[in-house]
Amino acid sequence: MKSMTFIRNKVLLVATMAALAAPAALAGDPPPQYAASCGACHAVGVAGAPATGNADAWAPRLEKGMDVLVASVRNGLNAMPPGGLCNSCSDEDYAALITYMATAQ
Ligand code: HEC
Numbered sequence: 215m216k217s218m219t220f221i222r223n224k225v226l227l228v229a230t231m232a233a234l235a236a237p238a239a240l241a242g243d244p245p246p247q248y249a250a251s252c253g254a255c256h257a258v259g260v261a262g263a264p265a266t267g268n269a270d271a272w273a274p275r276l277e278k279g280m281d282v283l284v285a286s287v288r289n290g291l292n293a294m295p296p297g298g299l300c301n302s303c304s305d306e307d308y309a310a311l312i313t314y315m316a317t318a319q
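Pasting the structure below:
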């Protein structure tokens, strides 16, 4: 009997670990381009970049409207290079990246 309990606990443990190891589709995950582009500066707020998850830093930016923000990324803005290091991104990709950075927890 003792060994049955042991096995059941082990199965539970493995199931829990599998659940923890599969965060791929969780809501709030960064878009795929984030780590290799925007994140390089926005993760910590390099050179005055509004930091990811800092709602106060993003609030005045969001007031400009998404079209203006996407144009800022496409054209570059001060220390931000044109395209924000993601030249293959579409405008929709930029909008998704901006929304992620402005709302990440
Ligand atoms: C090399 C660093 C760097 C990278 C890479 C970068 N940014 Fe930025 N970003 C900045 C800096 C610095 C600012 C602040 C510019 C300013 O207002 O002077 C900024 C500002 C912004 C703003 C606000 C623009 C505005 O009009 O107020 C948005 C939106 C933005 N970045 C989005 C992105 C996105 C999306 C990416 C990735 C595709 C990205 N950034 C990549 C440095 C970077």
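For the sequence shown, the positions run 215 to 319 when the numbering used here is used.
Where is the CB? At the ideal position from N, CA and C, for every residue including glycine.
It should be emphasised that the depicted structure is a prediction, and the values quoted were computed from it without experimental measurement.
Nearest to A250 by alpha-carbon distance, out of A318, Q319, L311, T317, is L311.
Excluding residues up to 5 positions away in sequence, R275, I312 lie with their Cβ nearer than 7 Å to the Cβ of L283 in the same chain. In this structure R288 is not in contact with P295, their Cβ atoms being roughly 11 Å apart against a cut-off of 8 Å. Ranking E306, A269, Y314, A261 by CA distance to the CA of L291 puts A261 first. Going by beta carbons, G253 and P244 fall inside the 8 Å limit. Exclusion of the five residues before and after D305 leaves V284 as the residues of its chain whose Cβ lies within less than 6 Å of its Cβ.
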